[in-house]
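J.: Input: one structure, supplied below.
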Amino acid sequence: TVGAVGIDSDGGLAAATSTGGRQGKLAGRSSDTCMIGSGTYADDNIGAVSTTGHGETIAKFCLAHSIIKAMERGQSAEEATQNCVELMTKRLNNTAGAITLSNRGEVGVAFSTNRMSWAYQKGDHLYFGIDKNE
Amino acid sequence: MEPVILVHGGAGAISDDAKAQELLAGVKGAAKTGYKVLTSGGGVVDAVEAAVRSMEDEEIFNAGLGSVLNLEGEVEMDASIMVGSDLSAGAVTVVKDIKNPISLARLVMDKTDHVLLAAEGAKKFAQLHKVVPLQPGALVTDASKKALAKWREKQVEASAELG
């Protein structure tokens, strides 16, 4: 799975996610990635999210929308992403990752898997990582 | 507001360090691609679409070219896109032989009042909008075939363990 979230100079937000699915899936299996609110969400009033990981779990937990609602309750992009990924993993015992932008341009990156590749550009700077705490 | 483009290349075990480096190179390139669109007059939707397209086109990512295979050895893909200003959204699911599913999802958003199109209907819709499907199997790679074979072996071993 791959994804992107963006914010423009007027604070306009968008999110996009695309996937080939899971190894060994049945023909016809649909994943969280095509489900608005699980794989992808964007609302200029709050933020934008793209998720990845165990698709059936993300779908049942509505992970992208959970992160949006956590930010709506006042959590930062980083806190909301970390807390919701952890909560989902604890509740359903499968792992995932997510990237988030708040409507103030704050960045959130979290994953309960072993690794997740990510990168963002802000001005002339490019930030990136794949291991925990990068 | 300072524009930002943030991308991910997928979460998982990723135990192979060489693959990890390739993934990092790919996400850095995607972030730059999206940021360039955003800062040269494109909209934020164009920017996230461009960033995802660049990763769909790279075999190392599980999307577009190089997607994992289903049990029948085929590539079936999902994608979705959403705009924060008016909550408009578009998505496709179980699509085959489409080079960039994220652009097809965007067409669903821009050209229909649906949110999600599936399988054969999505493919017909693509052709209606001049998105020419690839030859069947064009998105299957040697790496994805090997990965499925390895997965099958593990299943056999696991069931053998159960005795």
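These protein sequences, in sequence, are chains A and B.
Taking this note's numbering, the leading residue of the first sequence gets 18, the next gets one more, and so forth.
Taking this note's numbering, the leading residue of the second sequence gets 966, the next gets one more, and so forth.
Glycine is no exception: its CB is placed at the ideal position from the N, C-alpha and C atoms.
1) Apart from the five residues just before and just after B:Glu1024, which ones in its own chain have a Cβ nearer than 8 Å to its Cβ?
2) Bridge partners of A:Ile8, per DSSP?
3) Determine the contact status of B:Ala1028 and B:Glu1039, defining contact as a CB-CB distance below 8 Å.
4) Going along chain A, which residues have a C-beta under 7 Å from B:Ile1067?
5) Which whole-angstrom value is the C-beta distance of A:Gln99 and A:Ala127, which I expect to be below 8 Å?
6) Would you mind stating whether A:Thr130 and B:Ala976 have Cβ atoms separated by less than 8 Å?
7) I want to verify the contact list: residues of chain B whose CB lies under 7 Å from the CB of A:Phe128, in sequence order.
8) If you count every other CB in all the chains shown that lies within 10 Å of the CB of B:Glu1041, and 16 or more means buried, which is it?
9) Which residue from A:Asp49, A:Ile53, A:Asn150 and A:Ala136 puts its Cα closest to that of B:Ser1053?
10) Helix, strand or coil, according to DSSP, for B:His1094 in the structure here?
11) Any residues in the region 84-112 of chain A with a beta carbon nearer than 8 Å to a beta carbon of chain B? Which ones, in chain order?
12) If we require 3 or more residues per run, which beta strand (DSSP E) segments fall completely within the region 21-56 of chain A?
13) Excluding the five sequence neighbours on either side, which residues of its own chain have a C-beta within less than 6 Å of the C-beta of B:Ala1012, listed in chain order?
14) Under a three-way DSSP split, which group does A:Lys86 fall into?
15) Note down, in chain order, every chain A residue with its Cβ under 7 Å from the Cβ of B:Leu988.
16) Give the residues from the region 1003-1030 of chain B that approach chain A closer than 8 Å (Cβ to any Cβ), ordered along the chain.
17) Identify whether A:Val19 lies in helix, strand or coil by the three-state DSSP scheme.
18) For B:Gln1092, I'd like the list of residues in its chain whose CB is within less than 8 Å of its CB, leaving aside the five on either flank, ordered along the chain.
19) Mark A:Leu43 as exposed unless 16 or more other C-beta atoms lie within 10 angstroms of its C-beta, in which case mark it buried.
20) What three-state label does DSSP hand B:Phe1026 in the structure shown?
21) Answer yes or no: does any C-beta atom of chain B fall closer than 8 Å to that of A:Ile193?
22) Look at the Cβ atom of A:Gly140, then the Cβ atom of B:Glu967, and state whether they are nearer than 8 Å.
23) Quick check: A:Thr36 and B:His973, are their CB atoms within less than 8 Å of each other?
24) Between B:Val1033 and the rest of its own chain, which residues show a CB-CB distance below 7 Å, the 5 nearest in sequence each way excluded?
T.: Once the coordinates are examined:
1) Take B:Glu1024, set aside five residues on each side of it, and the residues of its chain with a beta-carbon closer than 8 Å to its own are Leu1030, Gly1031, Thr1106 and Ala1108, in chain order.
2) This structure gives no information on residue 8 of chain A, because the portion of chain A shown stretches from 18 to 151.
3) Note that the C-beta distance between B:Ala1028 and B:Glu1039 is not below 8 Å.
4) The contacting residues are Ala33 and Ser35.
5) Right, the Cβ-Cβ distance comes to about 4 Å (below 8 Å), so this counts as a contact.
6) Between A:Thr130 and B:Ala976, the CB-CB gap stays under 8 Å.
7) Near A:Phe128 (Cβ distances below 7 Å), the residues of chain B are Ala976.
8) B:Glu1041 is buried by the Cβ-count criterion.
9) Nearest C-alpha to B:Ser1053 among A:Asp49, A:Ile53, A:Asn150 and A:Ala136: A:Ile53.
10) In this structure, DSSP gives B:His1094 a state outside helix and strand, which the three-state scheme calls coil.
11) So the close ones are Thr112.
12) As far as the region 21-56 of chain A is concerned, its whole beta strand (DSSP E) runs of at least 3 residues are 30-36.
13) Within the same chain, B:Ala1012 has close Cβ partners Ile970, Gly999, Val1002 and Leu1003.
14) Helix at A:Lys86.
15) Within chain A, the C-beta atoms nearer than 7 Å to that of B:Leu988 come from Ser134 and Ile147, in chain order.
16) Legend: CB atoms of the region 1003-1030 of chain B lying less than 8 Å from CB atoms of chain A belong to residues Leu1003, Gly1008, Val1009, Val1010, Ala1012, Val1013, Glu1014, Ala1016, Val1017, Met1020, Glu1021, Phe1026, Asn1027, Ala1028 and Gly1029.
17) Correct three-state label for A:Val19: strand.
18) Contacts found: Pro1098.
19) Residue environment for A:Leu43: exposed (fewer than 16 other C-beta atoms within 10 angstroms of its C-beta).
20) Here B:Phe1026 sits in coil by DSSP.
21) Residue 193 of chain A cannot be examined here, being either before or after the span of chain A that is shown, 18 to 151.
22) For A:Gly140 and B:Glu967, yes; Cβs fall inside 8 Å.
23) Contact flag unset, no.
24) If we look at B:Val1033 and ignore the five residues flanking it on each side, its Cβ neighbours are Asn1027, Ser1109 and Ala1112.
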